[in-house]
Every structure is written in C-alpha cells, then in structure tokens.
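Worksheet: the structure to be examined is printed underneath.
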Amino acid sequence: MTRLRVALTGGIGSGKSTVAECFAGLGVPVIDADIIARELVLPGRPALAEITAEFGPRILTAEGTLDRDALRRRVFADASARKRLEAILHPLIRDEMKAQATRLTAPYALLVIPLLFETGQQNIADRILVVDLPEVLQLERVQARSGLAPDEVERIIASQTTRDVRVAGADDLIDNSGDPTTIRPQVERLHALYLRLAAKHPAA
46 MTRLRVALTG
56 GIGSGKSTVA
66 ECFAGLGVPV
76 IDADIIAREL
86 VLPGRPALAE
96 ITAEFGPRIL
106 TAEGTLDRDA
116 LRRRVFADAS
126 ARKRLEAILH
136 PLIRDEMKAQ
146 ATRLTAPYAL
156 LVIPLLFETG
166 QQNIADRILV
176 VDLPEVLQLE
186 RVQARSGLAP
196 DEVERIIASQ
206 TTRDVRVAGA
216 DDLIDNSGDP
226 TTIRPQVERL
236 HALYLRLAAK
246 HPAA
C-alpha cells in the first residue's frame, strides 16, 4: 500500500503532464483523473449512458462515442451544464483513483487531479502540489498547443479556480514560468521530500 498520496493540480496549460512525466520517470506511480475519465465514457460504460441521458444524443459522434469537443463547448458555455457533468463523473473518478491507490505498493503515489480545488477533493491526498505560472503564460501555451480561439481559452481559465486560491491551498509549488529545463530539478527535490515523508507516514 502507498504510505503517502500527493495530489498534483494546476490550471489548464500549467504543465501538469510534464511534471507527472518527470515523477513517473523517477519510478513514482501516477494515477491520472483525465485518463480515468476517458475510460469511464467509453461505449458500453454506464457513465456514457448517464451523460447521453443528461445532455442528449448530440454529444455523441456518428459511431456512438463521446464527442469531446461538442461536450466541452456545451459545458464551458453553461455553468449549470458543467455542474451536471461533474456530478456524474467526479464521484466515479474519485472512487476509481482511491481504488487504484489502495492497490499500489510504493512509498507514495501521484494523483493528477486538474480540478482538485473546484471539486473540493483536497482531502483525497496527504499533500497538494500545484504547478504554478502567470495567467498570461497559460493563455499563450494553451493557444499554442490547441489552436483554440483566445476567447475560448479565456472562458476555460475563468471557469477554473483562481491562481491565488491554488497557491494558497498548496503544500508545495512547482514554478513553470521559465525554461522547461527547470522542471526536473524541482521534481527531484520534491521526490526526495516525499520519500522522507512517506517513511514516517502510516500505510494508507
């Protein structure tokens, strides 16, 4: 069993995936909420049926799979729709993350939860690690990688909790405002810290 659970979060475009890959490269088990979410909405899974019943068949492709772009546009344009989607998915994601963490045998595990603060899941972990950068850099990086229009990126950022809230709620921070080469040393420092903390922590 893992002795320590570290929740990794940050706003869109903050570099969570890069940070998670660095931890994985050090042998740390990574449990990613986004990967679980994609698995939960595969054809035949109950979550897809619930989402279709809630939002209608227009959020499906001709092949019967979830049209992620259509659903994203819908929920980011309508806060109530986003809350209804979260009510379906987030309890399922949380339960699966806990189940996977329980099955692991490692000093600690990294739980990647992009909407950690937005969904009030801080108590799922023993420590919270936030990847931080200024909002202007978020905008630039999301546009560069996704091709989304600036106003669409701004709506997504506005739908998430503020940078100040994330930083205030963090136990640890990774600064991703500079060169990508600065990430690895920060991860290695935190890895050493988490190993020390895990050695003192009772098995979860």
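Heads up, the sequence shown is in this note's numbering, so the first residue is 46 and it goes up one at a time. Even for Gly, the Cβ is constructed at its ideal location relative to N, Cα and C.
Contact belief for residue i with residue j at Cβ below 8 Å, rounded distance in angstroms
i      : j     : result
ALA154 : ILE76 : 6 Å
Pairwise C-alpha distance: residue j and residue i
i      : j      : result
LEU174 : PHE100 : 34 Å
ASP224 : GLU95  : 43 Å
ARG190 : ARG208 : 21 Å
PRO152 : ALA243 : 6 Å
ASP216 : GLY109 : 42 Å
LEU252 : GLY214 : Residue numbering for the chain in the displayed model covers 46 to 249; residue 252 lies beyond these limits and cannot be assessed.
ASP196 : ASN168 : 33 Å
THR227 : ALA92  : 39 Å
ILE138 : LEU111 : 17 Å
ASP123 : ARG186 : 24 Å
ARG234 : THR97  : 44 Å
ILE201 : ALA115 : 14 Å
PRO102 : GLN188 : 29 Å
LEU240 : ARG119 : 42 Å
PHE68  : GLY89  : 33 Å
Proximity below 9 Å, CB of residue i to CB of residue j
i      : j      : result
LEU160 : MET142 : no
ALA65  : LEU53  : yes
ARG129 : PHE121 : no
GLN205 : ILE57  : yes
GLY55  : LYS61  : yes
HIS246 : ASP140 : no
GLN166 : ILE158 : yes
Local Cβ density within 10 Å of residue i, reported as buried at 16 or more and exposed below that
i      : result
VAL176 : buried
SER125 : exposed
ARG148 : exposed
THR106 : exposed
SER222 : exposed
ARG211 : buried
LEU150 : With the sequence shown as reference, residue 150 is identified as Thr, and Leu is not the correct amino acid for it. With fewer than 16 Cβ atoms within 10 Å of its Cβ, THR150 is classed as exposed.
Would the region 175–183 count as touching the region 66–86 if we require 3 or more Cβ pairs under 8 Å?
Counting Cβ pairs under 8 Å, fewer than three are found: no touch.
Quick check: the region 80–90 against the region 124–140, are there 3 or more CB pairs under 8 Å?
Three or more beta-carbon pairs separated by less than 8 Å link the region 80–90 to the region 124–140, which places the two stretches in contact.
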